[in-house]
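The opening position of the sequence shown corresponds to residue 381 in the numbering used here, with each subsequent residue numbered one higher. We put the CB at the ideal spot given by N, CA and C, even for glycine. Note that the structure is a prediction, hence the values are computed from the model and not measured.
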Amino acid sequence: MIACLPPHTCYVEIFFNGDWRIFGKPFSLVEVINDRTGPGVLHLLHYMRYQPERILAFLSSNVKEEDPDLQRAGRCYQGLIAHWCRLQNEPEPVPVSVDALRSTFYLPYQRMKTVIWENREWDVCMQTYDDPRTIQIIEPPWPDDAWDLFAALALRLFYARSRWIVSIPNMPQLKSLFLPLIHPRLVCEEWQAGRVLFMNFNE
């Protein structure tokens with residue numbers, strides 16, 4: 381999906397699914413990630429600044445942590461570091477001290493520190509950043525039978541001024557909602573097992 385990005389000023393992920401796509405793309409002037417699953421990144425930044433020893437304990441302990449904020453922060457750290465190391469072709473380190481924890485976190489933090497994190501409904505976020513200079517990445521986490529939601533998304537995309545790339549389940553009923561939105565020359569292809577990719581540009 382990143383390889384398909386057109387020239388743009390603002391990059392927006394409408395649904396953050398934890399894959400840290402941001403690490404695999406060049407910098408954009410403005411980068412926005414809309415995270416409705418819970419402010420894990422904000423919790424992580426808080427703990428890394430004020431209580432890094434609690435993150436370290438979470439990572440090294442088999443004891444179930446009951447603090448939901450710390451759980452979110454710890455899971456966020458694990459996912460972030462795993463994706464970063466995979467993209468860098470590096471082994472995933474196991475921090476044994478606060479200094480090692482911070483050292484491991486430093487480079488991915490430098491990449492993500494200018495990202496704007498939103499916590500909005502998907503349609504509100506799309507409307508907020510709807511601009512011809514924007515590319516919106518849209519990969520809904522909805523079940524295959526969420527027809528009303530997919531229809532609402534297709535309608536929103538019909539009126540969108542921004543450029544967009546959308547990934548949906550590769551099902552004829554769903555594809556029929558989105559095919560009228562694109563010029564026949566534009567992309568509609570299976571890019572992951574069971575998912576199809578649409579975009580409204582051909583640059």
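Nearest-angstrom Cα separation, counted from residue j out to residue i
i	j	result
LEU554	SER441	44 Å
TRP522	VAL421	22 Å
MET579	TYR457	32 Å
PHE485	GLY398	16 Å
HIS388	GLN468	25 Å
GLY574	ASN550	5 Å
THR417	TRP502	12 Å
LEU436	LEU535	46 Å
PRO552	PRO560	13 Å
GLU393	PHE538	18 Å
LEU533	VAL410	23 Å
PHE395	GLU519	6 Å
MET506	PRO448	29 Å
ARG466	GLU446	29 Å
PRO475	ARG429	16 Å
LEU385	LEU425	29 Å
GLN431	GLU470	27 Å
Cutoff 6 Å; reference residue i; Cβ partners in own chain excluding five residues on either side
i	result
SER408	TYR391
PRO488	LEU460 and TRP464
ILE517	GLU393 and ILE545
Spatial neighbours of residue i in its chain, beta-carbon cut-off 7 Å, leaving aside the 5 residues before and after
i	result
ILE382	ARG401, GLY404 and LYS405
SER477	none
Burial state of residue i, where buried means 16 or more other Cβ atoms lie within 10 Å
i	result
GLU433	exposed
ARG452	buried
ASN582	exposed
ASP528	exposed
PRO564	Low confidence applies to PRO564: its pLDDT is 43, below 50, so where it sits in the model is not reliable, and the reading given next is rough at best. With fewer than 16 Cβ atoms within 10 Å of its Cβ, PRO564 is classed as exposed.
Same chain only: Cβ atoms within 8 Å of residue i, ignoring 5 sequence neighbours per side
i	result
ALA531	LEU557
ALA462	GLU472
LEU450	HIS423, TYR427, ARG434, ILE435 and PHE438
ILE562	CYS568, PHE578, MET579 and ASN580
VAL504	none
TYR509	CYS390, VAL392, VAL412, GLN516 and SER542
ASP415	PHE396, VAL421, TRP497, GLU498 and ASN499
*What are the uninterrupted segments assigned as beta strand (DSSP E) that are 3 or more residues long and contained completely in the region 473-531, given in chain order?*
496-498 and 514-518
*Flag this pair as touching only if the region 523-539 and the region 488-496 have three or more C-beta atom pairs under 8 Å; answer yes or no.*
As far as the Cβ criterion goes, the region 523-539 does not touch the region 488-496, which means the pair count is below three.
*asked:* If contact is defined by three or more beta carbon pairs under 8 Å, each pair taking one atom from either stretch, is the region 506-521 in contact with the region 530-550?
replied: yes
*How do the region 448-463 and the region 474-488 stand: do at least 3 beta-carbon pairs fall below 8 Å, yes or no?*
yes
*asked:* Which complete beta strand (DSSP E) runs does the region 394-476 hold, if anything under 3 residues is left out?
replied: 410-414
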